[in-house]
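S.K.: Residue numbers (our numbering): 62 to 216. C-beta: ideal position from N, C-alpha, C; glycine also.
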Amino acid sequence: MMRLLITLALLAHAAVASAQSARTISPGMSRAKVVAALGAPTTERTVAEFRYLFYQNSCGKACGMNDLVILRNDAVVDAIFRSPSRHYTGTSSSPAAVSAKDAAERAPDAGATKSTSGTIRMKPPAEANDVHPSIPKNPPTVGPAPTSKPTTKTP
Numbered sequence: 062m063m064r065l066l067i068t069l070a071l072l073a074h075a076a077v078a079s080a081q082s083a084r085t086i087s088p089g090m091s092r093a094k095v096v097a098a099l100g101a102p103t104t105e106r107t108v109a110e111f112r113y114l115f116y117q118n119s120c121g122k123a124c125g126m127n128d129l130v131i132l133r134n135d136a137v138v139d140a141i142f143r144s145p146s147r148h149y150t151g152t153s154s155s156p157a158a159v160s161a162k163d164a165a166e167r168a169p170d171a172g173a174t175k176s177t178s179g180t181i182r183m184k185p186p187a188e189a190n191d192v193h194p195s196i197p198k199n200p201p202t203v204g205p206a207p208t209s210k211p212t213t214k215t216p
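(1) Could you tell me which of Ala-109, Thr-103, Thr-104, Tyr-113 sits nearest to Ser-91, measuring between CA atoms?
(2) What beta strand (DSSP E) runs, 3 residues minimum, are completely inside the region 137-162?
(3) Rounded to the nearest angstrom, what separates Ile-86 and Ala-157 at their Cα positions?
(4) At the level of alpha carbons, what is the spacing between Val-108 and Ala-165?
(5) So, under 8 Å CB-CB, Arg-143 and Asp-163 are touching, yes? Tell me the CB distance rounded to an integer number of Å.
(6) Give the DSSP-derived three-state secondary structure of Val-203 in the structure shown.
(7) Can you give the beta carbon distance from Arg-147 to Leu-99, rounded, assuming they're within the 8 Å contact cut?
(8) What does DSSP give as the partner residue(s) for Arg-133 in the beta ladder?
(9) Taking buried to mean at least 16 other C-beta atoms within 10 Å of its own C-beta, is Pro-201 buried or exposed?
(10) Roughly how many whole angstroms lie between the Cα atoms of Ala-80 and Met-126?
(11) Going by DSSP, which residues form a beta bridge with Arg-234?
(12) By alpha-carbon positions, which one of Asp-135, Val-96, Ile-141, Ala-97 ends up nearest to Asn-118?
(13) Please report the Cβ distance between Phe-115 and Thr-103, rounded to the nearest whole angstrom; I am assuming they are in contact, meaning their Cβ atoms lie under 8 Å.
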């Protein structure tokens, strides 16, 4: 009987721990609700009406980015999670992850050729793009600013 109680207690504890570790964010949540679910962000940036909350994840450099929650006017509009313990119920703007094996097996782009060393070399364009440079050859000259104050007319 004692073993049964211990087993049930351990299972209940595991279920609670699992529920706490799976942190879910939904569209429309406020910053306060996001912080309550995920904790304080590692970094936070604000640009105009957008706020970006960055969270460290377990894959670090392998993922290439931190987990990210994007809010607009204090409401979640997007989230990109690489951490398996975080979930977004909305549609993330992040493309599906591609494993290194899948990426290596994909054919090179049409604009690139594979060299014998295994690296990808870019094909040069058919016509050089500097034939019509964007910097003019004879730019107009601007005279110096006047050194004296202009005269003002008083009525």
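M.R.: Let me spell this out:
(1) Tyr-113
(2) Every beta strand (DSSP E) of 3 residues or more that sits fully in the region 137-162 is shown, in chain order, as 137-141, 147-149.
(3) 18 Å
(4) Rounded to whole angstroms, the separation of the alpha carbons of Ala-165 and Val-108 is 37 Å.
(5) With 8 Å as the limit, Arg-143 and Asp-163 do not qualify as a contact, their Cβ atoms being about 16 Å apart.
(6) When DSSP states are grouped into helix, strand and coil, Val-203 belongs to the coil group.
(7) Between Leu-99 and Arg-147 the Cβ distance is about 7 Å, and since that is below 8 Å, they are a contact.
(8) Phe-111
(9) With fewer than 16 Cβ atoms within 10 Å of its Cβ, Pro-201 is classed as exposed.
(10) Unreliable positioning characterises Ala-80 in this predicted model, as indicated by a pLDDT of 43, which lies under 50. The coordinate reading is nonetheless provided below. Going from the Cα of Ala-80 to the Cα of Met-126 covers about 25 Å.
(11) Any property of residue 234 remains undetermined from this structure, which presents the chain solely from 62 to 216.
(12) Ile-141
(13) 5 Å
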